[in-house]
Amino acid sequence: MSDYQVILKVNRRQLKCTECQKVFSEKLSFVKTRRTYTKRLGMKVIKEVLETNVENADRRNRMTSSEIETL
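Heads up: the sequence shown begins at 0 in numbering that gives the first Met the number 0, then just goes up one per residue.
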């Protein structure tokens, strides 16, 4: 996609256990549990923070400072 930022939105399916009726989300290998970003994006942002600072990383990735700090 060259110089364009691409955002891929993936909806996790909600599943229901047939025995206990508990609802849970589909597990995806590239997204950690209860996260809204991929492992790859997390590693990219951490690398940028280490090379620059949180403010530059949040601008470049369109994330808030608090989102970056939780990484």
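We put the beta carbon where it would ideally sit given N, CA and C, even for glycine.
| query | result |
| --- | --- |
| Exposed unless 16 or more other CB atoms sit within 10 angstroms - verdict on residue 44 | buried |
| Check whether residue 14 and residue 22 have beta carbons under 9 Å apart | yes |
| Buried or exposed (CB count within 10 angstroms, at least 16 for buried), residue 57 | buried |
| For residue 27 and residue 39, believed in contact at Cβ under 8 Å, the rounded distance | Going by Cβ atoms, the distance from residue 39 to residue 27 rounds to 12 Å, so no, they are not a contact pair. |
| Cutoff 9 Å: residue 28 Cβ touching any chain C Cβ | No chain C is present in this structure, which holds just one protein chain. |
| Short Cβ contact (9 Å threshold) for residue 107 with residue 37 | In the structure as shown, the chain begins at 0 and stops at 70. Residue 107 is therefore absent and cannot be evaluated. |
| Sub-9 Å separation of residue 59 and residue 68 beta-carbons | no |
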